[in-house]
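S.K.: Heads up: the sequence lines are chains C and Y, in that order.
Once you know that position 332 of the first sequence is 316 in my numbering, the rest is easy, because the numbers rise by one and skip nothing.
Once you know that position 273 of the second sequence is 298 in my numbering, the rest is easy, because the numbers rise by one and skip nothing.
In this text, a Cβ means the ideal position worked out from N, Cα and C, and glycines have one as well.
These numbers come from a predicted model, not from an experiment.
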Amino acid sequence: MLPLISFFAACLLGWSGQSEDILKRAIEAHQSGDIAGAIAGYREFLKLQPGNPEARSNLGAALASQGQYEDAIVEYEKALKIAPGNPGVSLNLALAYYKTGNLGKAAVVFEDLHAKQPGNNQVLLLLADCLLQSGEYQKLIALLTPLNTDAGHDLAIDYLLGSALIRDKQLERGQRLLDKILRNGESPEGHLMMGTAKISVGDYPGAMEDFRRAVELNPKLPSANAWYGQAQMATGDTGAAAKSFLAELQNNPNDYDANLNLGVLARRDQDYDQATRYLNRAQHVRPGDLRARYQMATIELARGKVEDARRSLEGIIQESPNFTEAHVSLATVYYRLKRKQDGDRERALVLKLNAEEQAKQPGAQPAPNGGPEKKIP
Amino acid sequence: MKRARRALFAFIALVFASGAAAEVTPVAVCAGCHREQSQGQPDSNMAKALSSGADSSILKQHARLTFNAGRFSYEIVRVGGRSLYTVREGEEKLTVPVAWAFGLGSAGQTFLLTLNGKWYESRVSYYKAIDDLDYTLGARGLAPHTLTEALGRETGNPEVAQCFGCHSTNSVQGIVVDFEHMTPGILCESCHGPAAKHVAAIKTGDAKTAELPRLGKLSAEEMFEFCGRCHRTWATIASQGPLGVENVRFQPYRLTNAKCYDAYDQRISCVACHDPHSHGQQPSAFYDSKCARCHSAGANASGNAKAQLCPVSEKDCVSCHMPRYEIPGAHHMFTDHQIRIARAGSPYPN
Chain C
-15 MLPLISFFAA
-5 CLLGWSGQSE
5 DILKRAIEAH
15 QSGDIAGAIA
25 GYREFLKLQP
35 GNPEARSNLG
45 AALASQGQYE
55 DAIVEYEKAL
65 KIAPGNPGVS
75 LNLALAYYKT
85 GNLGKAAVVF
95 EDLHAKQPGN
105 NQVLLLLADC
115 LLQSGEYQKL
125 IALLTPLNTD
135 AGHDLAIDYL
145 LGSALIRDKQ
155 LERGQRLLDK
165 ILRNGESPEG
175 HLMMGTAKIS
185 VGDYPGAMED
195 FRRAVELNPK
205 LPSANAWYGQ
215 AQMATGDTGA
225 AAKSFLAELQ
235 NNPNDYDANL
245 NLGVLARRDQ
255 DYDQATRYLN
265 RAQHVRPGDL
275 RARYQMATIE
285 LARGKVEDAR
295 RSLEGIIQES
305 PNFTEAHVSL
315 ATVYYRLKRK
325 QDGDRERALV
335 LKLNAEEQAK
345 QPGAQPAPNG
355 GPEKKIP
Chain Y
26 MKRARRALFA
36 FIALVFASGA
46 AAEVTPVAVC
56 AGCHREQSQG
66 QPDSNMAKAL
76 SSGADSSILK
86 QHARLTFNAG
96 RFSYEIVRVG
106 GRSLYTVREG
116 EEKLTVPVAW
126 AFGLGSAGQT
136 FLLTLNGKWY
146 ESRVSYYKAI
156 DDLDYTLGAR
166 GLAPHTLTEA
176 LGRETGNPEV
186 AQCFGCHSTN
196 SVQGIVVDFE
206 HMTPGILCES
216 CHGPAAKHVA
226 AIKTGDAKTA
236 ELPRLGKLSA
246 EEMFEFCGRC
256 HRTWATIASQ
266 GPLGVENVRF
276 QPYRLTNAKC
286 YDAYDQRISC
296 VACHDPHSHG
306 QQPSAFYDSK
316 CARCHSAGAN
326 ASGNAKAQLC
336 PVSEKDCVSC
346 HMPRYEIPGA
356 HHMFTDHQIR
366 IARAGSPYPN
């Protein structure tokens, strides 16, 4: 969190008496590293002066430095209510949101700051990272495309924009940025982008090699372990995948993919409590995320909460009518509820969706599935 | 009724989870009361779903099997009561004993190998139709770089647990295989659940307190979920594939797609045609009476069955309505359980 102490110390001049002494001592404690003393001091001061935004913001910063981000957020929000638009407090609030995985809220504050301070590269990159982690690829592309010119060559922007383009399946544009990054020599970022590009065309063994190298070069590169895990999972090595996802969470407890996939693996192993914890975290990072909600619904079904599962699955399908797996599970739910017609309808829908999906595959023929009948005499 | 249904699903979940550390109750003990069901069980296909490399009848009958796969060659030889699996590349070779042989052998057998504490699914399998080795399903397209990769596909513990979970009894605790308490093959408790308490209660004349759920009362849908834990449920294949002819061997999925499938009609349940306590496949005429339960003039027309009568024949129904398909590379014809009017030239329906 960014220290605002010296700035706010100047504000003390207007105060007097007991409260001034309390705040002065709190700031001194904060500056000397006595965070617990500072927190106690700020709280004591705020009992006397609850409408003081600076002390409230300082309390937030002290709490954040102790890792108490949720409490810090409360203080920052109160400070901003009293003094709206303060850029320092806003930045601290956004960082606290970011740290706690509230990426949507963080992005809103970063966007506001970016609009006010378009030249602030730190704000721009944090906003871009929020959008990347939230899966808001198109917003990120719209944000960074104007900045990505041949004249201006910022590797961080190239990397974030290229990653978003590849994950949004705009492979040709993504590849151009990847080439730019690769021209700067071998880098973990280059391997990570190359790996994601390979995954998007189904080359999982190739992607594995790139992710392995990315992790080797920089084990703390954000999302590298999570991508490595996804490639390992796709090739059937779920044990190694779980290790990679856990390694990602060591770096970033709020990584969406790592949480989602660990939830999937725990559900598969019937460890529903653990699965629920991971999936809740994934939903925290991406509120309303359909994939995480679907996994939660399957846990409800596995736990025998059939009515809950029905409600969840119907909600998911309402939002995403072509979500095949949700229709599959809903069919099972309806049959368990003795709603045969509904179950039959869901099954018919699944067969239709699968047939449509197959027809889209390269080289699909009008009768793509197995050729003519081969009846055996 | 609702409670009973919940209990049934809880039981299914329990059996799915497996995990009793107690010894397997021998079939002979069950035969004390359930003679009819137990009599043929030890000779059934299910009971022979797994054997050790030393006990595999296929391997015992074949002193030497060989196969060439590009730069690698394979040999399985019988030596001193066990079979050794060797892969060669030029002068280099790697030899390990066959640890386990999966499958009865009526279609084929795939081997599980161990090397340096890791499991490998053999790259080559035995196929009865050719009485020889060929690529294991799924292995043909892989290009191994080393002898270890050529040995077979490294298989993680969860997958190995799935293999043993469906081919043996009392073997899996979570995702760990419990070899100490495992019995190869599918015996009574694989489906009916742990029976030790039941047997003890019977001995004290208190059978009611340890009654096992009656699987015969499951609806078609419940039975499909139950059998589908190994033979794959409709939901598994519909959401994860494979689509195309490769799914012909997943019978619960195929039959669920049939027009005559009714989730609540036991006449279309797995056990309506197959007795898991005895041999699997019967001559095609055997099944005529099963079809006639719905498709005959006097049949009860309840449930799904509008049950049209076949204008062609009343015999050998399955020979027309359940065509057989070969999965590429499997060297075996699988009966398609998606019962239908199979018109010549029409595509394989997913």
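If contact means a Cβ-Cβ distance below 7 Å, which residues of the segment 221 to 233 of chain C contact chain Y?
M.R.: Answer in chain order: Asp221, Thr222, Gly223.
S.K.: Is the number of C-beta pairs between the segment 284 to 298 of chain C and the segment 264 to 275 of chain C that are closer than 8 Å three or more?
M.R.: Cβ pair count under 8 Å is below three, so no.
S.K.: Which residues in chain C have a C-beta closer than 8 Å to the C-beta of Pro183/Y? List them in chain order.
M.R.: On the second sequence, residue 183/Y is found 158 positions in, with the first residue counted as 1. Neighbours of Pro183/Y on chain C, chain order: Thr222, Gly223, Arg252, Asp253.
S.K.: Are the C-beta of Leu335/C and some C-beta of chain Y separated by less than 8 Å?
M.R.: Within the first sequence, residue 335/C is the residue found at index 351, counting from 1. So yes, Leu335/C belongs to the interface.
S.K.: How about Asn70/Y: is its C-beta nearer than 8 Å to some C-beta of chain C?
M.R.: Within the second sequence, residue 70/Y is the residue found at index 45, counting from 1. No, Asn70/Y lies away from the interface with chain C (no Cβ there is under 8 Å from its Cβ).
S.K.: Ala260/Y touches chain C at which residues, Cβ-Cβ below 8 Å?
M.R.: Locating residue 260/Y in the second sequence gives position 235, where the first residue counts as 1. Those within 8 Å of Ala260/Y in chain C are Val312, Ser313, Ala315, Thr316.
S.K.: Buried or exposed for Ile366/Y, going by 16 or more other Cβ atoms inside 10 Å?
M.R.: One-based indexing of the second sequence puts residue 366/Y at position 341. Flag for Ile366/Y reads exposed.
S.K.: From which residue to which residue does the beta strand (DSSP E) around Val102/Y run?
M.R.: Walking along the second sequence from the start, residue 102/Y turns up at place 77. Taken as a continuous stretch (DSSP letters only), the beta strand (DSSP E) holding Val102/Y covers 97 to 104.
S.K.: At a Cβ cut of 9 Å, what residues of the segment 86 to 104 of chain Y count as close to chain C, listed as they run along the chain?
M.R.: Answer in chain order: no residues at all.
S.K.: Report the residues of the segment 231 to 255 of chain Y with a CB closer than 7 Å to any CB of chain C, ordered along the chain.
M.R.: So the close ones are Glu246.
S.K.: Between the Cα of Trp125/Y and those of Phe275/Y, Glu116/Y, Leu109/Y, spot the shortest distance and give me the residue it belongs to.
M.R.: Mapped onto the second sequence, residue 125/Y falls at position 100. It is Leu109/Y whose Cα lies nearest to the Cα of Trp125/Y.
S.K.: In the DSSP assignment, find the beta strand (DSSP E) that holds Gly223/C and state where it starts and stops.
M.R.: Position 239 of the first sequence, counted from the first residue, corresponds to residue 223/C. Counting along the chain, Gly223/C falls outside any beta strand (DSSP E), though it belongs to the alpha helix (DSSP H) covering 222 to 235.
S.K.: Any Cβ of chain C within less than 8 Å of the Cβ of Asn282/Y?
M.R.: Translated into positions along the second sequence, residue 282/Y becomes position 257. It does: the Cβ of Asn282/Y has a partner Cβ on chain C nearer than 8 Å.
S.K.: Rounded to whole angstroms, what is the Cα-Cα separation between Gly78/Y and Met207/Y?
M.R.: Locating residue 78/Y in the second sequence gives position 53, counting from the first residue. Locating residue 207/Y in the second sequence gives position 182, counting from the first residue. In a straight line, the C-alpha of Gly78/Y is about 15 Å away from that of Met207/Y.
S.K.: Report yes or no: is there a C-beta of chain Y within less than 8 Å of the C-beta of Thr129/C?
M.R.: Looking up residue 129/C in the first sequence gives position 145. Not an interface residue.
S.K.: Give me the DSSP bridge partner(s) of Ser264/Y.
M.R.: The count along the second sequence starts at 1 and reaches residue 264/Y at position 239. Answer by DSSP bridge pairing: none, since Ser264/Y is not bridged.
S.K.: Determine the extent of the beta strand (DSSP E) in which Ala94/Y is found, giving its start and end residues.
M.R.: Reading the second sequence from its first residue, position 69 is the one you call residue 94/Y. Note, Ala94/Y: beta strand (DSSP E), 89 to 94.
S.K.: So with CB distances below 7 Å, who are the chain Y contacts of Tyr319/C?
M.R.: One-based indexing of the first sequence puts residue 319/C at position 335. Ordered by position in chain Y, the residues that pass the 7 Å Cβ test against Tyr319/C are Glu246, Ala288.
S.K.: Once the 5 residues before and after Asn104/C are set aside, which same chain residues still bring their CB inside 6 Å of it?
M.R.: Here residue 104/C refers to the residue found at position 120 of the first sequence. Closer than 6 Å at the Cβ level, and outside the excluded window around Asn104/C, lies no residue.
S.K.: For a contact meaning CB atoms closer than 8 Å, what does Ala276/C contact in chain Y?
M.R.: Counted from its first residue, the first sequence places residue 276/C at position 292. What Ala276/C touches in chain Y: nothing, since even the nearest Cβ is about 16 Å away.
S.K.: Run through DSSP, which three-state label would Pro336/Y get?
M.R.: For the purposes of this step, residue 336/Y is taken as the residue at position 311 of the second sequence. Pro336/Y: coil per DSSP, three-state reduction.
S.K.: In three-state terms, what does DSSP make of Gly376/Y?
M.R.: Residue 376/Y falls outside the range modelled here, since chain Y spans only 26 to 375, and no answer is possible.
S.K.: List the residues that DSSP assigns as beta-bridge partners of Phe359/Y.
M.R.: Translated into positions along the second sequence, residue 359/Y becomes position 334. BP columns for Phe359/Y point to Tyr350/Y.
S.K.: Exposed or buried, what is Arg257/Y when buried is set at 16 or more other beta-carbons lying within 10 Å of its beta-carbon?
M.R.: Translated into positions along the second sequence, residue 257/Y becomes position 232. Flag for Arg257/Y reads buried.
S.K.: For His311/C, which residues in the same chain have their Cβ closer than 6 Å to its Cβ, ignoring the five residues on either side in sequence?
M.R.: For the purposes of this step, residue 311/C is taken as the residue at position 327 of the first sequence. Here the set comprises Glu330, Leu333, Val334.
S.K.: Please state whether DSSP places Glu146/Y in a helix, a strand or coil.
M.R.: Here residue 146/Y corresponds to residue number 121 of the second sequence, with the count starting at 1. Reduced to three states, the DSSP call for Glu146/Y is strand.
S.K.: Just the Cα atoms here: how many angstroms apart are His192/Y and Asp326/C?
M.R.: Your numbering for residue 192/Y matches position 167 in the second sequence. Your numbering for residue 326/C matches position 342 in the first sequence. Rounded to the nearest angstrom, the two C-alpha atoms are 35 Å apart.
S.K.: Report the CB separation of Asn282/Y from Ala339/C in whole angstroms; it is logged as a contact under 8 Å.
M.R.: Translated into positions along the second sequence, residue 282/Y becomes position 257. Translated into positions along the first sequence, residue 339/C becomes position 355. About 12 Å; that fails the 8 Å criterion.
S.K.: What does DSSP give as the partner residue(s) for Arg113/Y in the beta ladder?
M.R.: Along the second sequence, one-based indexing puts residue 113/Y at 88. Beta-bridge pairing links Arg113/Y to Ser98/Y, Lys118/Y.
S.K.: Please go through the same chain and pick out, in chain order, the residues whose beta-carbon is closer than 6 Å to the beta-carbon of Ala330/Y, but skip the five residues on each side of it.
M.R.: For the purposes of this step, residue 330/Y is taken as residue 305 along the second sequence, with counting starting at 1. Reliability fails at Ala330/Y, whose pLDDT of 48 lies under 50, so the model's placement of it is uncertain and no value is given.
S.K.: Taking buried to mean at least 16 other C-beta atoms within 10 Å of its own C-beta, is Ala20/C buried or exposed?
M.R.: On the first sequence, position 36 is the one that residue 20/C refers to. Result: exposed.
S.K.: For chain C, find out if any of its Cβ atoms is closer than 8 Å to the Cβ of Ala330/Y; answer yes or no.
M.R.: On the second sequence, residue 330/Y is found 305 positions in, with the first residue counted as 1. Bear in mind that the predicted position of Ala330/Y carries a pLDDT of just 48, short of 50, making it unreliable; the figure below should be weighed with that in mind. No, because no Cβ of chain C sits closer than 8 Å to the Cβ of Ala330/Y.
S.K.: Just reading off the alpha helix (DSSP H) that Gln258/C is part of, what are its end residues?
M.R.: Counted from its first residue, the first sequence places residue 258/C at position 274. Counting along the chain, the alpha helix (DSSP H) containing Gln258/C begins and ends at 256 to 269.
S.K.: Are the C-beta atoms of Asn375/Y and some chain C residue less than 8 Å apart?
M.R.: The sequence position of residue 375/Y within the second sequence is 350, counting from 1. It does: the Cβ of Asn375/Y has a partner Cβ on chain C nearer than 8 Å.
S.K.: Taking the CB atoms as reference points, tell me whether Leu97/C and Ser74/C lie closer together than 8 Å.
M.R.: In the first sequence, the residue the question calls residue 97/C occupies position 113. In the first sequence, the residue the question calls residue 74/C occupies position 90. For Leu97/C and Ser74/C, yes; Cβs fall inside 8 Å.
S.K.: Please classify Phe307/C: is it buried, with 16 or more other beta-carbons within 10 angstroms of its beta-carbon, or exposed?
M.R.: For the purposes of this step, residue 307/C is taken as the residue at position 323 of the first sequence. Under this definition Phe307/C is a buried residue.
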